[in-house]
Every structure is written in C-alpha cells, then in structure tokens.
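K.L.:
Position in the sequence shown (first residue = 1) + 847 = this note's numbering. Quick reminder that beta carbons are idealized off the backbone N, C-alpha and C, glycines included. Structure incoming, see below.
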Amino acid sequence: MDGEISAVVIVPVYNEAKVIPKALTALSWLPKNQLIFVDGGSTDGSPLLITERGYPCVQSEAGRALQMNYGAKITSSDILVFLHIDTSFTSSNFLNIKKAYKQGYLSGRFDIRLSNDTLTYRIISFFINMRSRLTKISTGDQIIFVRRDTFDSIGGYKDIPLMEDVELSSQLRRLGPVALLNDTVETSSRRWEENGVFRTVILMWKLRLLFWLGTDVNKLAKMYRGKH
C-alpha cells in the first residue's frame, strides 16, 4: 500500500517571492507534512509567504546543494523528491514516484515541458528529454527523486555552486536502475526567454562540456552568473 511508503518533497528557495504564491496554490493538494521548503537567506520575504500559508520553511546556509541536503537531513522519509519552485508537480507524478520505488528503482526523473508552448520551446524540451534518456543524467527541473538510503550512501548533493544535479545523477546512474518516467512536468521557460534561446542553449552545452572536462566548478558558476 502507498501508506507504507513515506515520501517528502524538498523545495529550495532563494528570493522567489514572485512565484511562491502560484507555486503554493499548485501544490495545495499535497499534505503539508510531506512538503518542506528550505530557504537560503532570502531578503524578499519568501519565508513569510510560505509560513503564512501554513507550510514549513526552514533556514539553511545559502546554496542549492546545501539547502537540499539540509532538507533531506531533517526528514526521515523513504523517498526524497527534490522540486524546483518553478516546476509543476501533481498527485499523478507523486503516485508514479511511489510506483517506481516499488519496482526497485533507486532514483528517477520526469520528462519536462517548457512553459512556453511555441514550437521552438517544444523542440528544446524534446532534446532535453532525449539527452536525459540517452545519458541517464538529470537536471533539477526534471524533479530528481531518490531512495533515502541511496542518497545517504553517496553523501547527498556535492557542495558545489553549479551542476550539483548533474553530479548527483551521474553518481546515481552507476548505483542502479534509474526510472526515466514518461510523465511530463512543466517548468519555467523564463531562462530562455530572458536571455535568448540560442544564447542559452549554447551556454548550457558549453558549461556541461567544461564540467565533464574537469573545469573548476567555481569558474563555471562565475561564467553562468556573468551571462544571466
């Protein structure tokens, strides 16, 4: 039975006041004891927006990896689900995570659909999903989920300022089967819209290539921030 499997959704936040109200409404189906927000020192009132709606919001050191690790540390659920604030998550998605757990998958992720539904963005979504299926490497906006014991065995997310999701999923694929779920989750296309489609695609591929070649992640983070 599903009641035998415990799962928690961990959401790192930092200055996300503009999107939090919409996100909380979209997540209202989820019991509040299965959802935890981890704030990294927001200065825009994000924590208050969350707690006013009755959701738990804890404080940690800034940094997405540190925030997600802290959220995992203070919970005891069988399954850890890491959700970005601007990515959708439905009860159907949650059910399929539990099914994957029962089927023996150690970790997994979803296909994505960018919120901009024009042809260009559908093509971007297609190639992101294809790349992920071929490599079994996931990004955070695909909602990475993992068994707690598996997560703990590798020490959680590596404390790096960028590519923490790629680093984690590269370790997970070596440990056992990865669930490449056909469910589609919608994630914000604002990165591409604000910075240009071509420019953003080239930057993402460049950063990933340099990461695999062993370039210092701190240098990559500076490069990323300099382009956004």
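Enumerate, from N- to C-terminal direction, the unbroken beta strand (DSSP E) stretches of 3 or more residues contained entirely within the segment 988-1027.
P.N.:
DSSP runs (the beta strand (DSSP E)) wholly in the segment 988-1027: 991-994.
K.L.:
Report the rounded CA-to-CA distance for P868 versus L1060, giving the unit in angstroms.
P.N.:
So the two alpha carbons sit approximately 40 Å from each other.
K.L.:
Would you kindly work out how many angstroms separate the C-alpha atoms of A1026 and I1007, rounded to a whole number?
P.N.:
If you take the alpha carbons of A1026 and I1007, they lie about 25 Å apart.
K.L.:
Measure the C-alpha to C-alpha separation of I984 and R956 and round it to an integer number of angstroms.
P.N.:
Between I984 and R956, the C-alpha separation is close to 9 Å.
K.L.:
Checking the sheet assignment: what are the DSSP bridge partners for S954?
P.N.:
V993, V1025.
K.L.:
For A912, which residues in the same chain have their Cβ closer than 7 Å to its Cβ, ignoring the five residues on either side in sequence?
P.N.:
Here the set comprises Y1004, K1005, D1006, I1007, E1011.
K.L.:
Give me whichever residues DSSP pairs with I926 in a beta bridge.
P.N.:
The partner list for I926 (beta bridge, DSSP) reads A854, R994.
K.L.:
If you draw a straight line from the C-alpha of E1014 to the C-alpha of L896, how long is it?
P.N.:
Approximately 31 Å between the Cα atoms of the pair.
K.L.:
Going along the chain, which residues of its own chain have a beta-carbon closer than 8 Å to the beta-carbon of R1055, five neighbours each way excluded?
P.N.:
These residues qualify, in order along the chain: M1010, V1013.
K.L.:
For the segment 878-890 against the segment 900-912, do three or more pairs of beta-carbon atoms, one drawn from each stretch, fall closer than 8 Å, so that the two count as touching?
P.N.:
Output reads yes: the segment 900-912 touches the segment 878-890.
K.L.:
Once the 5 residues before and after E863 are set aside, which same chain residues still bring their CB inside 6 Å of it?
P.N.:
Only S893, I932 meet the Cβ criterion.
K.L.:
Measuring CA to CA, which of D1030, I852, S1017 is closest to D925?
P.N.:
Cα-wise, what sits closest to D925 is I852.
K.L.:
Check whether the Cβ atoms of W876 and S954 sit closer than 7 Å, and answer yes or no.
P.N.:
Contact: no.
K.L.:
Got a sec? Which residues, its chain only, sit under 8 Å from I949 by beta carbon, not counting five neighbours each side?
P.N.:
Correcting the residue identity first, residue 949 is Lys in this sequence and not Ile. Cβ within range, chain order: I852.
K.L.:
Under a Cβ-count criterion, where at least 16 other Cβ atoms within 10 Å of its own Cβ denotes burial, should T986 be classed as buried or exposed?
P.N.:
It counts as buried.
K.L.:
If we ignore side chains and look at the alpha-carbon of each, how far apart do E1033 and S1000 end up?
P.N.:
Going by the C-alpha atoms only, they are around 30 Å apart.
K.L.:
At 3 residues or longer, and completely inside the segment 854-883: list those beta strand (DSSP E) runs for me, N to C.
P.N.:
For the segment 854-883, whole beta strand (DSSP E) runs of length 3 or above, ordered along the chain, are 854-860.
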